[in-house]
């Protein structure tokens, strides 16, 4: 549950204004924009994950280790549950604005085969005319509990198939994902961490094909979230594109800040995420 709430807040940060601090030698803006394409697309779908987790958790009345102050589903959404079919529908109507000013419309449809923490269970999220701030989203998001035993750290595979985001100006980005997310639990839930590994690929808004590989696990700390910082505190991603040099996204060494360094061929630019 913590991962998905973290993912939503990370999504909020990545969708916010991005400021760039100059460095010497500096990576040009076009390359920085290309690097952020991966983060932007990821943010749009991570937003779905946290709402899905909250909806399922509420339906199962699982209050264990939840941060209720990090509510994901806005009050203006209509939540419908069908116990017989094990489905949940989040209906945002023609427009529903949350506390952060994000406007959603359409429906999110959630189907589950078992309980959230049950090994082997699967949760599938599909979309019906769904938009976020005017950006239309398509695709199927699947979360599978792959925890090996009741004593192991909870582990989930996360996939996205047929992912496509279309902006109001007609530009679009396509995305496929295969991630593993592990929940590292501490005695105090605020010290919990989520470790994320895996790959993603697709085509960004500039029409460039890309592949993203997490080479050092992305770490999301609940302690950072409690300070209002919702980005990963550490981890490294590599972004490859045909006939272009590899971009490196370095999320830092564990500090609770909003910065990452994008670098290529010895040039770099620090990206500071907005609140």
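Numbering (full-length UniProt numbering), first residue to last: 1 to 275.
Quick reminder that beta carbons are idealized off the backbone N, C-alpha and C, glycines included.
Simplified DSSP state of residue i, which is helix, strand or coil
| i | result |
| --- | --- |
| residue 82 | strand |
| residue 111 | strand |
| residue 44 | helix |
| residue 237 | strand |
| residue 91 | strand |
| residue 173 | strand |
| residue 250 | strand |
| residue 50 | helix |
| residue 255 | coil |
| residue 282 | Outside the displayed range of the chain (1 to 275) lies residue 282, so it cannot be described from this structure. |
| residue 272 | strand |
| residue 121 | coil |
| residue 55 | helix |
| residue 218 | strand |
Own chain partners of residue i with C-beta closer than 6 Å, once the 5 adjacent residues on each side are dropped
| i | result |
| --- | --- |
| residue 111 | 87 and 124 |
| residue 261 | 250, 268 and 270 |
| residue 215 | 236 and 238 |
| residue 199 | 178 and 213 |
| residue 96 | 74, 76, 77 and 104 |
| residue 143 | 123, 156 and 158 |
| residue 203 | 174 and 209 |
| residue 136 | 166 |
| residue 259 | 270 and 272 |
Given residue i as reference, the closest of the options once Cα atoms are compared
| i | options | result |
| --- | --- | --- |
| residue 205 | 256, 170 and 234 | 170 |
| residue 127 | 33, 60 and 47 | 47 |
| residue 177 | 183, 164 and 90 | 164 |
| residue 277 | 174, 98, 183 and 60 | Not covered by the structure: residue 277. The range shown for the chain is 1 to 275. |
| residue 59 | 50, 83, 36 and 38 | 83 |
| residue 29 | 253, 256 and 247 | 247 |
| residue 272 | 252, 185 and 92 | 252 |
| residue 41 | 53, 167, 185 and 254 | 167 |
| residue 53 | 32, 263 and 114 | 114 |
| residue 185 | 139, 201 and 154 | 154 |
| residue 162 | 33, 245, 80 and 45 | 45 |
| residue 264 | 134, 254, 244 and 255 | 244 |
| residue 129 | 220, 94 and 34 | 94 |
7 Å CB neighbourhood of residue i in its chain, flanking five on each side removed
| i | result |
| --- | --- |
| residue 217 | 195, 196, 197 and 235 |
Beta bridge counterpart(s) of residue i as assigned by DSSP
| i | result |
| --- | --- |
| residue 145 | 156 |
| residue 73 | Bridge partners of residue 73: none, in fact. |
| residue 167 | None, per the DSSP bridge assignment. |
| residue 96 | 104 |
| residue 202 | 175 and 210 |
| residue 264 | 267 |
| residue 136 | 131 and 166 |
| residue 182 | 155 and 195 |
8 Å Cβ shell around residue i - same chain, five flanking residues per side excluded
| i | result |
| --- | --- |
| residue 56 | 88, 110, 112, 116 and 123 |
Check: Would the region 105-125 and the region 139-154 be scored as touching if the rule is three or more Cβ pairs under 8 Å?
Finding: yes
Check: Quick check: the region 74-89 against the region 229-239, are there 3 or more CB pairs under 8 Å?
Finding: no
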